[in-house]
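**Student:**
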Amino acid sequence: MKIIKNIRHTGIVVKDLDKSLQFFVDLLGFKVLKKVDETGKFIDKILNLKNAELVTAKLKAPDGNVLEILKFQNYSSKYKYPKKIYSMGYTHMSFTVRDITHTYKILKKKKYKLFSKPEVSPDKKVKVMFCRGPENIYLEFVEILKK
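Heads up, the sequence shown is in the working numbering, so the first residue is 9 and it goes up one at a time.
Here it is, written out as structure tokens:
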């Protein structure tokens, strides 16, 4: 018997919720499904914390995938994630875009750290680029090339 039915969402903890929402909603085109202040026994219990106060924003991509941005109001971390693109564990999120050159120009104009200009893959099926988004999150953008 298979345990998993589907991926429900991906969660990212951020320091600056507004800046992250500007990036994912205003720039990339996610839609806000809901934004909620969460506190209480249920949150404390499932996260194994005491008196947790957080804001969660569930964002929906055009294909229906959901991203959850979390801002803890009374807990913080000095850890900046990820340190290197080759670090163990989670490294990046990948998005398919219609026009990677346009995406590159927008991210450059907004002064996000770009690793390179878009590059065609060796099999010539896609163009790919990486950048650092808000909170130094590694992001990959891919354009599928027409045959």
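We put the beta carbon where it would ideally sit given N, CA and C, even for glycine.
What does the alpha-carbon distance come out to for the pair K42 and K27?
**Tutor:** The sequence position of residue 42 within the sequence shown is 34, counting from 1. The sequence position of residue 27 within the sequence shown is 19, counting from 1. Using only the alpha carbons, I get a separation of about 17 Å.
**Student:** Are at least three pairs of beta-carbons, each pair with one atom in the segment 34-49 and one in the segment 61-68, less than 8 Å apart?
**Tutor:** Short answer: they touch.
**Student:** Taking the alpha carbon of R106 as the point to measure from, which residue in T18, R16, K58 and D71 has its own alpha carbon closest?
**Tutor:** Counting from 1 along the sequence shown, the entry for residue 106 is found at position 98. Comparing Cα-Cα distances from R106 to each of T18, R16, K58 and D71, the minimum goes to D71.
**Student:** For the alpha helix (DSSP H) holding L115, just list the boundary residues, first then last.
**Tutor:** For the purposes of this step, residue 115 is taken as the residue at position 107 of the sequence shown. Run containing L115: I108 to K117, per the alpha helix (DSSP H) assignment.
**Student:** So what does DSSP say about I77, is it helix, strand or coil?
**Tutor:** Here residue 77 refers to the residue found at position 69 of the sequence shown. If DSSP states are grouped into helix, strand and coil, I77 belongs with the strands.
**Student:** Looking at S28 and the ligand NAP, is the gap between the Cβ and the nearest heavy atom below 7 Å?
**Tutor:** This structure simply doesn't include the ligand NAP, nor any ligand for that matter.
**Student:** Considering just the uninterrupted stretch of the alpha helix (DSSP H) at D52, what are its terminal residues?
**Tutor:** Indexing the sequence shown from 1 puts residue 52 at position 44. Per DSSP, D52 belongs to the alpha helix (DSSP H) from K49 to L55.
**Student:** For E127, count the other beta carbons within 10 Å of its own beta carbon; 16 or more makes it buried, fewer makes it exposed. Which is it?
**Tutor:** Counting from 1 along the sequence shown, the entry for residue 127 is found at position 119. E127 is exposed by the Cβ-count criterion.
**Student:** Kindly identify the DSSP beta-bridge partner or partners of V22.
**Tutor:** Start at 1 with the first residue of the sequence shown, and residue 22 comes out as number 14. Beta-bridge pairing links V22 to no other residue.
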